[in-house]
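**Q** Residue numbers (this note's numbering), protein chains in the order written: chain A, 1 to 115; chain B, 116 to 230.
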DNA sequence: TTGGTATATACGTGTCAAGGAATATATGAG
DNA sequence: CTCATATATTCCTTGACACGTATATACCAA
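Following this line, the structure appears as structure tokens:
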């Protein structure tokens, strides 16, 4: 279990990460919100921490976990390779739809010129 | 193995996907470029095809595989949740670095004003 | 038909990680 | 100290899946 991809392959870990977007959370808070046994939460948090997705601050008996950005950027960079590819397709779809159903004259979202 | 995340957790599958960015490829071409046994290539391609990451066109005995965009967009949407979070951090880091080591007067990349 | 090339599938095996249960460690309160 | 709360760790079992080998299927050529 080394790559960022393997880490986020696990659904419960993704759930934890999403929870932490809003704000830092203690283990107990995560446990309650996700209705997950506490040892399971701790184990997933350990994986996330060792992988660099989160970090923990000590607060008395509690540990407050929060996101760290680096690994997300790494994922984003991999995806970026494909972005040019799929945006080509979005453009093609847009052109197609525009032909079927021409865009209205709205000032707000100027449509990209064809060619 | 249902989610897009599980599909791309496998390194060989990511390698195949990256290969296909440039252009469509036959199974044999992938096999040679990745130095991977042919049955392994076929099996990973099956997973990728059933998951909607690629599609195959028949060309005589060969199958030409190419990328499909939808699942990539799905991954991107998940990552997007975190983008606002990590860009906050990039900004903070930039401000920090600027304080340590003030930016030169270069016309090309105007630095964002602090506050 | 036979043979050759290209790709897919089936089967057996080993590894690895997720999950559950029990227990350990740490900190605070009284 | 003792008890309670919060979190971490250990042990075990089980299932999934990646891989290798062998074989099957598909298509073309002669």
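For each residue, glycine too, the CB sits at the ideal point set by N, CA and C.
Values in this document were obtained by computation on a predicted structure and should not be read as measured data.
#1: Quick one: what's got a C-beta closer than 7 Å to residue 14 of chain A's C-beta in the same chain, skipping five residues either side?
#2: Quick check on residue 49 of chain A: does DSSP put it in helix, strand or coil?
#3: Enumerate, from N- to C-terminal direction, the unbroken alpha helix (DSSP H) stretches of 4 or more residues contained entirely within the segment 19-67 of chain A.
#4: CB residue 67 of chain A to CB residue 47 of chain A, shorter than 9 Å?
#5: What's the call for residue 159 of chain B, buried or exposed, on a 16-neighbour Cβ count within 10 Å?
#6: Of all Cβ atoms in chain A, is any one closer than 9 Å to the Cβ of residue 188 of chain B?
#7: Between the beta-carbon of residue 4 of chain A and the beta-carbon of residue 79 of chain A, is there less than 9 Å?
#8: Is the beta carbon of residue 24 of chain A sitting closer than 9 Å to the one on residue 33 of chain A?
#9: Less than 9 Å between CB atoms is the rule here; does residue 41 of chain A satisfy it with respect to chain B?
#10: Does residue 78 of chain A come out as helix, strand or coil in the three-state DSSP assignment?
#11: Answer with buried or exposed for residue 16 of chain A, where buried requires no fewer than 16 other C-beta atoms within 10 angstroms of its C-beta.
#12: Might you give, ordered along the chain, the residues of its own chain that have their beta carbon closer than 8 Å to the beta carbon of residue 136 of chain B, omitting 5 neighbours on each side?
#13: Show which residues of chain A have a CB atom less than 8 Å away from the CB atom of residue 196 of chain B.
#14: Taking C-beta pairs closer than 9 Å, name the residues in chain B that residue 76 of chain A reaches, listed in chain order.
#15: Suppose contacts are defined by Cβ-Cβ distances below 9 Å. Is residue 137 of chain A in contact with residue 188 of chain B by that definition?
#16: Out of A:71, A:83, A:98, A:91, which has the shortest C-alpha to C-alpha gap to residue 204 of chain B?
#17: Could you please give the first and the last residue of the uninterrupted alpha helix (DSSP H) stretch that includes residue 119 of chain B?
#18: Output needed in chain order: residues of the segment 169-187 of chain B with a Cβ under 9 Å from some Cβ in chain A.
#19: According to DSSP, is residue 11 of chain A helix, strand or coil?
#20: So, does the CB of residue 37 of chain A fall closer than 9 Å to a CB anywhere in chain B?
#21: Mapping the DSSP letters down to three states, classify residue 211 of chain B as helix, strand or coil.
#22: Which term fits residue 173 of chain B, buried or exposed, when burial requires 16 or more other beta carbons within 10 angstroms of its beta carbon?
#23: Taking C-beta pairs closer than 7 Å, name the residues in chain A that residue 204 of chain B reaches, listed in chain order.
#24: With DSSP as the reference, label residue 101 of chain A as helix, strand or coil.
**A** In short, the structure shows the following:
#1: Translated into positions along the first chain, residue 14 of chain A becomes position 14. If we look at residue 14 of chain A and ignore the five residues flanking it on each side, its Cβ neighbours are 8.
#2: What you label residue 49 of chain A is simply residue 49 of the first chain in a count that begins at 1. DSSP, reduced to helix, strand and coil, places residue 49 of chain A within a helical segment of the structure shown.
#3: Fully enclosed alpha helix (DSSP H) runs of 4 or longer: 27-34, 38-50.
#4: Translated into positions along the first chain, residue 67 of chain A becomes position 67. Translated into positions along the first chain, residue 47 of chain A becomes position 47. Their beta carbons are not under 9 Å apart, which means residue 67 of chain A does not touch residue 47 of chain A by this criterion.
#5: Counting from one through the second chain, the residue named residue 159 of chain B turns up at place 44. Buried.
#6: For this step, residue 188 of chain B is matched to residue 73 along the second chain. By this cut-off, residue 188 of chain B is an interface position.
#7: Reading the first chain from its first residue, position 4 is the one you call residue 4 of chain A. Reading the first chain from its first residue, position 79 is the one you call residue 79 of chain A. It is not a contact, given that the beta carbons lie outside the stated cut-off.
#8: If you number the first chain from 1, residue 24 of chain A lands on position 24. If you number the first chain from 1, residue 33 of chain A lands on position 33. The answer is no: Cβ separation not under 9 Å.
#9: If you number the first chain from 1, residue 41 of chain A lands on position 41. With respect to chain B, the C-beta atom of residue 41 of chain A has no partner C-beta closer than 9 Å.
#10: Residue numbering aside, residue 78 of chain A sits at position 78 when the first chain is read from its first letter. Note: residue 78 of chain A maps to helix in three-state DSSP.
#11: Stepping through the first chain from its first residue, residue 16 of chain A is reached at position 16. With a 10 Å radius around the Cβ and a threshold of 16 neighbouring Cβ atoms, residue 16 of chain A comes out buried.
#12: One-based indexing of the second chain puts residue 136 of chain B at position 21. Result list for residue 136 of chain B: 182, in chain order.
#13: What you label residue 196 of chain B is simply residue 81 of the second chain in a count that begins at 1. The contacting residues are 18, 21.
#14: Looking up residue 76 of chain A in the first chain gives position 76. By Cβ distance, chain B contributes 191, 194, 197, 198, 201.
#15: The question about residue 137 of chain A has no answer here: the residues shown for chain A are numbered 1 through 115.
#16: In the second chain, residue 204 of chain B corresponds to position 89, counting from 1. When each option's Cα is compared against that of residue 204 of chain B, the closest is A:71.
#17: Your numbering for residue 119 of chain B matches position 4 in the second chain. Residues 119-123.
#18: 182, 183, 184, 185, 187
#19: For the purposes of this step, residue 11 of chain A is taken as residue 11 along the first chain, with counting starting at 1. It is helical.
#20: As a first step, residue 37 of chain A must be located in the first chain, where it is residue number 37. It does not: the Cβ of residue 37 of chain A has no partner Cβ on chain B nearer than 9 Å.
#21: Locating residue 211 of chain B in the second chain gives position 96, where the first residue counts as 1. The answer is helix: DSSP assigns residue 211 of chain B an H, G or I state.
#22: Numbered from 1 along the second chain, position 58 holds the residue referred to as residue 173 of chain B. Its Cβ having fewer than 16 others within 10 Å, residue 173 of chain B is exposed.
#23: Here residue 204 of chain B corresponds to residue number 89 of the second chain, with the count starting at 1. Here the neighbours are 69.
#24: Translated into the one-based positions of the first chain, residue 101 of chain A becomes position 101. Coil, per DSSP.
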